[in-house]
Amino acid sequence: LTGGSDVSQTPLLWSTEGQSVTMNCNHTKGAAFRQMYWYQQLPGKGMKQIVFTTAYSTHTYESGFSEEKFPATKTNEETGSLTVKQLVPEDSGVYFCSVMFSLSLSADTKRNIKTL
Numbered sequence: 001l002t003g004g005s006d007v008s009q010t011p012l013l014w015s016t017e018g019q020s021v022t023m024n025c026n027h028t029k030g031a032a033f034r035q036m037y038w039y040q041q042l043p044g045k046g047m048k049q050i051v052f053t054t055a056y057s058t059h060t061y062e063s064g065f066s067e068e069k070f071p072a073t074k075t076n077e078e079t080g081s082l083t084v085k086q087l088v089p090e091d092s093g094v095y096f097c098s099v100m101f102s103l104s105l106s107a108d109t110k111r112n113i114k115t116l
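Residue numbers for the sequence shown follow the UniProt record's numbering, so the first one is 1 and each next one is one higher.
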């Protein structure tokens, strides 16, 4: 992603075992960057994708991650969040979001296209 400063997220969270935390992600790259990805990197481990989200379709979770543990929201093209529920010490790590340009159209947009 070029211009990474256009994407911002919750900087640092502390919580206790059994609680939930929610991280927010926002960007100012425009509505065409509607795809949002959330990643987890545990200490000493490689980065793993948790979920892919858009505002107009079902979220896609990677193997080993569930919506029950990691519910994600995507309220519009430029805003999303990831929650980690029922925290355990093994959830400690770095979580971050990224956004990607998408040419796909929403159902609402497709209705307004007319072929000449």
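In this text, a Cβ means the ideal position worked out from N, Cα and C, and glycines have one as well.
- Item | 8 Å Cβ shell around T16 - same chain, five flanking residues per side excluded | L87
- Would you kindly work out how many angstroms separate the C-alpha atoms of A55 and E77, rounded to a whole number? 6 Å
- Item | Endpoints, the beta strand (DSSP E) within which F96 is located | V94 to M100
- Measure the alpha-carbon distance for F101 versus K29 and round it to whole angstroms. 9 Å
- If we call anything under 8 Å between Cβ atoms a contact, is K85 one with K74? no
- Query: Quick one: Cα of C97 to Cα of M36, how far?
  - Reply: 7 Å
- Item | Nearest-angstrom Cα separation, counted from G44 out to A72 | A straight-line Cα-Cα distance of about 25 Å links A72 and G44.
- Other residues of its chain near Q9: CB distance less than 7 Å, five sequence neighbours each side excluded: M23, N24, C25, F96 and C97
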